[in-house]
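A.B. asks: One structure follows; several queries about it will come next.
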Amino acid sequence: MAAGWMVKVEVEAGRGELEPLVFIVALDDFQEAMEAAKRAPEVTQPRSVLGNQAPSIYAANLVHPVDARTIRQLDLSLGQVWNVNDPPTAERIVFARKP
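Going by my numbering, the sequence shown opens with residue 17, and the numbers climb by one from there.
See below:
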C-alpha cells in the first residue's frame, strides 16, 4: 500500500500556457492526496500575470505511489504536501531514490 502519492497539477500560467506542478503528498488515500495537491499554496496563490487571480486548474493526475521509506527519508508528516519543482525538495527526492 502506498504511504503517499506523487500528483501532477496543471495550472494556468498566463498567455494561454499551462504550468505543470508536481507534488509528493503524504496521504495513502489517492483522492485525498489529489485534493491536498490542488490546495497547495503554489496552486491557490494569486498571480500578477493573471490579474492577481488564482490560476485555474486544468488537470490533476496521479503520477505514481510513493512508498513509506521515501516518505520517511523526505521527513514528511502525514498530510504534508511537498512541491517537487522546488529545488531543495528536488535534491532531497534524488537523494531518497539512491539505494
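Glycine included, C-beta positions come from ideal geometry on N, C-alpha and C.
So within the region 61 to 90, which uninterrupted beta strand (DSSP E) runs reach at least 3 residues, ignoring any that extend past its ends?
C.D. replies: Taking only runs of at least 3 residues, the beta strand (DSSP E) segments lying wholly in the region 61 to 90 are 73 to 82.
A.B. asks: Whole angstroms is fine: what's the gap from S72's alpha carbon to A42's?
C.D. replies: As a first step, residue 72 must be located in the sequence shown, where it is residue number 56. As a first step, residue 42 must be located in the sequence shown, where it is residue number 26. About 24 angstroms.
A.B. asks: Can the beta-carbon of A52 be found closer than 8 angstroms to that of V97?
C.D. replies: As a first step, residue 52 must be located in the sequence shown, where it is residue number 36. As a first step, residue 97 must be located in the sequence shown, where it is residue number 81. Cβ distance < 8 angstroms, so A52 and V97 count as in contact.
A.B. asks: Tell whether a beta-carbon distance below 8 angstroms holds between F39 and A19.
C.D. replies: By one-based count along the sequence shown, residue 39 stands at place 23. By one-based count along the sequence shown, residue 19 stands at place 3. Cβ atoms of F39 and A19: not closer than 8 angstroms.
A.B. asks: Which word fits L37, buried or exposed, when buried means at least 16 other C-beta atoms lie within 10 angstroms of its C-beta?
C.D. replies: In the sequence shown, residue 37 corresponds to position 21, counting from 1. The residue in question, L37, is buried, as its Cβ has 16 or more Cβ neighbours within 10 Å.
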